[in-house]
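S.K.:
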Amino acid sequence: MRLETKRLILRDWNKNDIDDLIDGLNNYDVSKWLTLVPYPYTKKDAKNWITHCLKESNKKKNRDYHFAIELKSEKKVIGSIGVDKINKFHGLAHGGYWINEKYHKMGYGTEALGAKLKFVFNRLKLRRIESGFLKGNIPSLKLQRKFGFKVEGLRRKGFRSKADGKLKDEYITALLKEEWKER
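Going by our numbering, the sequence shown opens with residue 383, and the numbers climb by one from there.
#1: Among residues of its own chain, excluding the 5 on either side of Glu561, which ones have a beta-carbon nearer than 7 Å to its beta-carbon?
#2: Using the beta-carbon count (16 or more within 10 Å), is Ser455 buried or exposed?
#3: Which residue's Cα is closest to the Cα of Arg542: Pro420, Leu453, Gly489 and Pro521?
#4: For the beta strand (DSSP E) that Gly518 lies in, which residues bound it at each end?
#5: If you measure from the beta carbon of Asp427 to each beta carbon in chain C, is any gap under 8 Å?
#6: So Gly464 packs on Gly477, CB below 8 Å; how close in whole Å?
#7: So, under 8 Å CB-CB, Phe449 and Leu392 are touching, yes? Tell me the CB distance rounded to an integer number of Å.
#8: For my contact list, Ala556 and Arg510 are in at a C-beta cut-off of 8 Å; report their separation, rounded to the angstrom.
#9: Quick check: Ile468 and Ala428, are their CB atoms within less than 8 Å of each other?
#10: Can Tyr479 and Ala497 be called in contact, C-beta distance under 8 Å?
#11: How many Å lie between Met488 and Glu386 at the Cα?
#12: Extract the residue ranges of the beta strand (DSSP E) inside the stretch 473-529, only unbroken runs of 3 or more that lie entirely within it.
#13: Taking the alpha carbon of Lys484 as the point to measure from, which residue in Tyr410, Lys500 and Glu564 has its own alpha carbon closest?
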């Protein structure tokens with residue numbers, strides 16, 4: 383699967399992405415906001431993730447989509463964005479994202495999330511996308527609000543972070559197709 387924007391390519395992961403994946407996630411300021419990402423992030427962690435993604439991309443029906451976010455100008459993976467837990471019957475899915483800290487505040491997250499939402503609502507024909515953010519991650523909240531996501535609740539001590547071992551609160555967010563603000 384491949385999605386394209388003005389500056390980005392959202393595509394399947396491949397084995398050549400290991401160094402870029404480590405570069406983006408072996409940073410505590412990124413990994414502390416992701417519940418399943420350990421810190422430090424090692425080559426073994428990167429290989430395991432890419433192997434998982436390759437297995438998922440080979441499934442044909444109702445699969446998860448884990449996109450590498452490639453910056454066209456540098457031919458470098460600068461993050462990841464996903465759609466998972468797809469339920470066609472209910473018309474919903476879940477998904478998250480992260481961007482390498484070196485590429486923060488450049489609009490790449492906005493561009494990638496916009497492409498993902500078009501994919502979810504127009505191609506997958508879903509009616510709702512769920513997400514969330516860990517308490518304190520204000521940039522993630524601001525990004526989601528740009529597209530109309532609403533905070534629907536708080537999962538108190540819902541996750542133990544692999545980066546620091548601490549229990550974290552997660553705000554639950556969601557966006558309905560009719561609320562979607564296409565950019």
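The beta-carbon is built from N, C-alpha and C at its ideal position, and this holds for glycine as well.
M.R.: Short version:
#1: Gly530
#2: exposed
#3: That would be Pro420, whose Cα lies nearest to the Cα of Arg542.
#4: That residue, Gly518, is in no beta strand (DSSP E); it is neither H nor E in DSSP.
#5: Given the protein chain composition of this structure (a single chain), no chain C is represented.
#6: With a Cβ gap of about 5 Å, Gly464 and Gly477 count as contacting.
#7: 4 Å
#8: 6 Å
#9: no
#10: no
#11: 17 Å
#12: 474-476, 479-481 and 510-516
#13: Tyr410
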